[in-house]
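Asker: First, the structure itself, so that you have it in front of you.
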Amino acid sequence: MSLFLLLPFVLFLGLFVMKRFRRMLGLSYSPGVFTRRLLLFQFPRRKGSADCAVVCAAKGPRPRYPRVWKTNKKIGTISKSVKLVECIKGLSNVKEEVYGALDSFIAWELEFPLITVKKALKTLENMREWKRIIQVTKWMLSKGQGRTMGSYYVLLNALAEEGRLDEAEELWQKLFSENLESTPRMFYDKMTSIYYRRGMHDKMFEVFADMEELGIRPTPSIVEMVGETFQKLGMIDKYKKLKHKYPPPKWEYRYIKGKRVKIKASQLRERGDASDGLHKLDGGTDKEPNGSYEGAEVVSDELEDEVDPSDDSDPSSDELGEAANSCPETTI
């Protein structure tokens with residue numbers, strides 16, 4: 001009986017001694033258990049204790065230290081873009097002054113704030129500050145940042161809106177020569193609309209002929225502008241061939257409340273909400289329609305062209321070249 005009474009005291013003493021040895025040896029895990037009855041026991045580990053710090057050799061968690069180069073107060077890209085717009089809005093049009101202000105704005109940035117600059121460009125575009133857009137975009141490109149088709153399109157649009165047609169044509173020729181078969185259709189749209197508004201029919205026909213040679217299907221807006229030009233110049237045969245090759249689409253697509261909706265083109269024409277068309281390319285904004293349409297269907301982003309007819313009697317690039325030579329050249 002005396003042995004059974006002393007057994008709890010012996011177990012407690014053994015646990016205390018093992019704990020002291022574990023601390024002296026700097027072990028993070030408990031050593032092997034001596035008796036079979038102690039196999040179910042696990043020694044508790046205190047979080048944040050000194051023994052948890054020396055665990056790299058035992059494949060434990062590494063000690064983490066706060067990063068000194070990161071501040072606790074983080075400012076978002078939206079507020080940064082607003083500050084960037086306010087920083088350059090009151091400056092003059094001197095290149096050195098604007099570039100100096102932009103350089104000082106990003107002086108303490110570890111990486112180039114590309115997202116901030118892109119949002120600032122979008123804000124300036126909504127404000128129709130075309131000169132500032134040209135300055136900021138050229139400054140960004142001079143830093144070797146943001147060399148994407150989207151940036152070049154913003155610059156091309158700003159140059160066209162500012163009336164700097166020579167620079168816009170130079171940029172277009174550079175992009176077209178470097179990306180012959182991979183130039184996005186929005187660039188053809190933009191250049192066609194620029195020439196259409198200024199009555200430069202010969203250059204508009206050249207852009208359309210380039211699309212025909214490269215096998216790029218024109219958008220409905222390009223077909224509409226070229227067709228109206230054929231009608232103005234009295235080229236009825238070419239107008240009929242153009243409409244036969246590229247008939248108006250039966251369905252068009254709109255983004256309504258973030259969803260892509262397929263709508264009948266006839267309903268859009270009745271409501272006066274024509275597709276990408278001339279109004280959008282002539283400086284209008286791309287707004288979502290608020291009205292409801294009968295028979296509208298929500299579709300996915302992966303869509304196939306429904307109508308792609310081809311005929312041997314279609315207008316070729318040679319005929320378009322003849323049309324370009326037959327019309328008088330207009331200058332600004």
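Numbering (UniProt numbering), first residue to last: 1 to 332.
C-beta: ideal position from N, C-alpha, C; glycine also.
(1) Could you give the residue range of the alpha helix (DSSP H) that holds Tyr255?
(2) Is the beta carbon of Met149 sitting closer than 9 Å to the one on Asn179?
(3) Could you tell me which residues DSSP pairs with Lys259 in its beta bridges?
(4) I want to know whether the region 256-268 touches the region 233-243 - three or more CB-CB distances under 8 Å.
(5) Quick check: Pro113 and Thr137, are their CB atoms within less than 9 Å of each other?
(6) Taking the C-alpha atoms as reference points, what is the distance between Pro249 and Pro220?
(7) In whole angstroms, give me the CA-to-CA distance for Ser79 and Lys131.
(8) Which value, in whole angstroms, describes the spacing of the CA atoms of Ala107 and Val154?
(9) Going by beta carbon distance, what residues of the same chain come within less than 6 Å of Lys143, once the five residues before and after it are set aside?
(10) By the three-class DSSP mapping on this structure, what secondary structure does Lys264 have?
(11) At which residues does the alpha helix (DSSP H) containing Ala168 begin and terminate?
(12) Looking at C-alpha atoms only, which residue of Leu124, Ile115, Asp166 and Glu162 is the closest neighbour of Gln145?
(13) Is Ser193 helix, strand or coil when you go by DSSP?
(14) Taking Lys119 as the reference, which of Lys19, Leu171, Gly258 and Met140 has the closest Cα?
(15) Quick check: Lys95 and Glu129, are their CB atoms within less than 9 Å of each other?
(16) For Val223, I'd like the list of residues in its chain whose CB is within less than 7 Å of its CB, leaving aside the five on either flank, ordered along the chain.
(17) Going along the chain, which residues of its own chain have a beta-carbon closer than 8 Å to the beta-carbon of Val10, five neighbours each way excluded?
Answerer: This is what the structure holds:
(1) Here Tyr255 belongs to no alpha helix (DSSP H); instead the beta strand (DSSP E) covers Trp251 to Ile256.
(2) Yes, Cβ-Cβ distance for Met149 and Asn179 is below 9 Å.
(3) Answer by DSSP bridge pairing, in chain order: Ile256.
(4) Cβ pair count under 8 Å is below three, so no.
(5) No, the Cβ-Cβ distance between Pro113 and Thr137 is not below 9 Å.
(6) When rounded, the distance between both Cα atoms is 8 Å.
(7) 22 Å
(8) C-alpha separation (whole angstroms): 25 Å.
(9) none
(10) strand
(11) Leu165 to Glu178
(12) Ile115
(13) Three-state DSSP puts Ser193 in a helix.
(14) Taking only the C-alpha atoms, the option nearest Lys119 is Met140.
(15) no
(16) Leu242 and Tyr246
(17) none
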